[in-house]
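Positions in the sequence shown are counted from 1; adding 994 to them yields the numbering used here.
Presented below is the structure to which this report refers.
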Amino acid sequence: MPFSDYKTALVTGASSGIGAAVVERLCREGLEVHAVARSVEPLQALAERTGCIAHAIDVTDRGALGELTSKVQFDVLINNAGVDRPKKFLEAEEGDIDLLIDVNLRAVLHLCRMVVPGMVGRDRGHVVNISSIAGNYNFGGNSTYHAVKAGVAMLSNQLRIDAFGKRVRVTEICPGRVATDIFNHVHGNDPSIRERFIDGFELPQASDIADAIAYVIAAPVAVNIGHMEITPTLQVMGGLQTAKPEAPAANAPEGTKR
Ligand SMILES: NC(=O)c1ccc[n+]([C@@H]2O[C@H](COP(=O)([O-])OP(=O)(O)OC[C@H]3O[C@@H](n4cnc5c(N)ncnc54)[C@H](OP(=O)(O)O)[C@@H]3O)[C@@H](O)[C@H]2O)c1
């Protein structure tokens, strides 16, 4: 099984939610797991609990990532760190657009640039990119988030072409709603946020996503699971809306009335 071929893993966004669960799972599989996030305390607690190696690094800090990836030959790369901002595009703020591009897409591209050539050279490796159903479907939400997650989806497909001929596997994990603290991180800590997104719903847990990732890694090396969409059973994407144009106001200039 490939788990026994792989020795090292790098997981971004490891201080909470899906990333922390993936670190726990990969440590249980016996990998040397390097856990990256900004929050020092949860990372230290995770390291004590699992034996992972914690790195308090912002994924937008290219220098720090470059230093880490030049020291360790990573067999498994889990690009998981992600943020969202709740505003729709018509109210988008400049800084929010930059943040989503920097964390959710630019950092993923640069980490792949730093790690994948080594995998290709060693003829061994697995990249797992956590995108979102937002990268593959349209629904109400932050359009910048949809756009950058679509970039991660396309990158995942394209990487397989760039690594063609080598045993470097690439998987896009595409979650729907998962019961993590992301909704508090996006919308704030008001108790109503949990009620709106988590409480009373039947949702996949972070450990379910980690189990799926363990499954794709543990598949025989001849098997590349390229795309896995994991949603709550009680969640669907889709829908169609058609609006009538608003009638012009009664005092609108002549010629615009219908
Ligand atoms: N939960 C869902 O419903 C859902 C659905 C679809 C897709 N996803 C995706 O799944 C991934 C994980 O989400 P989650 O639900 O586990 O969210 P989460 O609990 O909010 O975790 C996000 C992680 O990303 C890290 N992070 C954020 N900015 C960072 C930065 N600049 N540098 C380094 N680390 C950074 C955070 O750590 P620090 O703050 O400590 O840096 C945290 O560990 C994200 O890519 C998200 O878009 C989640």
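Glycine residues also receive a C-beta, built at the ideal position from the N, C-alpha and C atoms.
These numbers come from a predicted model, not from an experiment.
Determine whether the beta carbon atoms of residue i and residue j lie at a separation below 7 Å.
i: G1170; j: I1124; result: no
i: T1138; j: L1099; result: no
i: A1048; j: A1029; result: yes
i: V1217; j: P996; result: no
i: M1222; j: A1200; result: no
i: G1011; j: T1174; result: yes
i: I1187; j: H1179; result: no
i: E1018; j: T1002; result: no
i: L1234; j: E1196; result: no
i: G1119; j: D1069; result: yes
i: A1041; j: S1009; result: no
i: N1073; j: L1105; result: yes
i: I1219; j: V1210; result: yes
i: A1144; j: G1159; result: no
Is residue i buried or exposed, if buried means 16 or more other CB atoms sit within 10 Å of its CB?
i: D1184; result: exposed
i: R1163; result: buried
i: M1148; result: exposed
i: R1116; result: exposed
i: D1193; result: exposed
i: R1252; result: Residue placement at R1252 is poorly supported in this model, since its pLDDT is 47, which falls under 50; the coordinates still yield a value, given next. It counts as exposed.
i: I1155; result: exposed
i: S1033; result: exposed
i: L1071; result: buried
i: R1107; result: exposed
i: D999; result: exposed
Between which two residues does the alpha helix (DSSP H) containing residue i stretch?
i: C1021; result: 1011 to 1022
i: N1245; result: Careful: N1245 lies outside any alpha helix (DSSP H) and carries neither H nor E.
i: V1034; result: 1034 to 1044
i: L1071; result: Looking at the DSSP string, L1071 is not in any alpha helix (DSSP H); the run it does join, the beta strand (DSSP E), is 1070 to 1073.
i: P1185; result: 1185 to 1191
i: V1180; result: 1176 to 1181
i: I1203; result: 1200 to 1212
I want to check one thing, is the minimum distance from the CB of residue i to the heavy atoms of ligand 3 below 6 Å?
i: P1080; result: Of the ligands one can find in the structure shown, namely ligand 1, none is ligand 3.
Assuming residue i and residue j are in contact, meaning their beta carbons sit under 8 Å apart, how far apart are those beta carbons, in whole angstroms?
i: T1054; j: D1096; result: 5 Å
i: V1146; j: V1102; result: 6 Å
i: V1172; j: P1198; result: 5 Å
i: L1153; j: V1110; result: 7 Å
i: D1090; j: R1079; result: 4 Å
i: G1134; j: G1076; result: That pair is no contact at about 19 Å.
First and last residue of the beta strand (DSSP E) that includes residue i?
i: N1123; result: 1119 to 1124
i: A1003; result: 1002 to 1006
i: V1030; result: 1026 to 1031
i: M1222; result: 1221 to 1224
i: I1091; result: No beta strand (DSSP E) holds I1091; the alpha helix (DSSP H) holding it covers 1088 to 1094.
i: A1048; result: 1047 to 1050
i: V1109; result: Looking at the DSSP string, V1109 is not in any beta strand (DSSP E); the run it does join, the alpha helix (DSSP H), is 1101 to 1116.
i: E1166; result: 1162 to 1169
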